[in-house]
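Undergrad: I am attaching a structure below and will ask some questions about it afterwards.
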Amino acid sequence: MTARVPPWRSPWTPVVAASVPVVCTLWSVAVPGGYFGLLLVALTCWVVVVAAWAAVGVLAVAALPRPRSRRLGRLWPCALVPALLVATWATARSGVVERVVFEAHRPELERLVADVQARPDRRVDRREVGLYSISRATADPNGPCTLITLRHGDVLLGSSGFAYCPERAPTSTRLAEGYSYTPIDGPWYEFVFTW
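Residue numbers (the working numbering): 5 to 199.
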């Protein structure tokens, strides 16, 4: 009869624990500018998970009956933590999460733009649109754009959000401060404003 492995010595423990930093990392890149605080939490969680992975890996190898080389195949779950780390990093860097979240909320954002254009003051304050917390949406008085500023985007000394510019592409400022636009799709742009 095989002895049951305690959960803290199981090679699956770090894999299950890795779900926390995976979710935190992907959530932190879901909005323009990202959530810097959440990214720091994710990085801290990754350090803890990698340390647990190393400790459990050493303990699991030490607990293997001799000869160990033939039984190392039992520890294949230990290879999942580095794979999850690399896959999460690649997904976060690719911008896929941000695009998927934007596309999921695009119809609601377009309704918000229509609402802003219909109001006499051409402004909407504090609105929740799915995962996005919007502090303000305003129509640009000098042009055809509507700027949707996110409440929790963690751009250092600035703000971030979306710009809806159906007639022409907005122009980014060339100086260190001002608006910087990145095209998303069609009339939609991501903007970052820095001071």
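Beta carbons: idealized from backbone N, C-alpha and C, even for Gly.
Should the stretch 165 to 181 be called in touch with the stretch 146 to 157, which here means at least 3 C-beta pairs below 8 angstroms?
TA: The stretch 165 to 181, when compared against the stretch 146 to 157, does touch it at the 8 angstroms Cβ threshold.
Undergrad: For Ala87, name the three-state secondary structure that DSSP assigns.
TA: Helix.
Undergrad: By Cβ distance below 6 angstroms, which residues in the same chain neighbour Gly61 in space, the five residues on each side in sequence not counted?
TA: Within the same chain, Gly61 has close Cβ partners Cys82.
Undergrad: Since Arg131 and Ala143 are thought to touch, with beta carbons under 8 angstroms apart, how far apart are those beta carbons, to the nearest angstrom?
TA: Wrong, their Cβ atoms sit about 15 angstroms apart, outside the cutoff.
Undergrad: Quick check: what's the CA-CA separation for Trp199 versus Glu181?
TA: For Trp199 and Glu181, the distance between alpha carbons rounds to 5 angstroms.
Undergrad: Apart from the five residues just before and just after Thr29, which ones in its own chain have a Cβ nearer than 6 angstroms to its Cβ?
TA: So the qualifying residues of the chain are Ala46, Thr92 and Ala96.
Undergrad: Where does Glu114 fall in DSSP's three states?
TA: Glu114 falls in the helix class under three-state DSSP.
Undergrad: So for Thr198, helix, strand or coil by DSSP?
TA: Strand, per DSSP.
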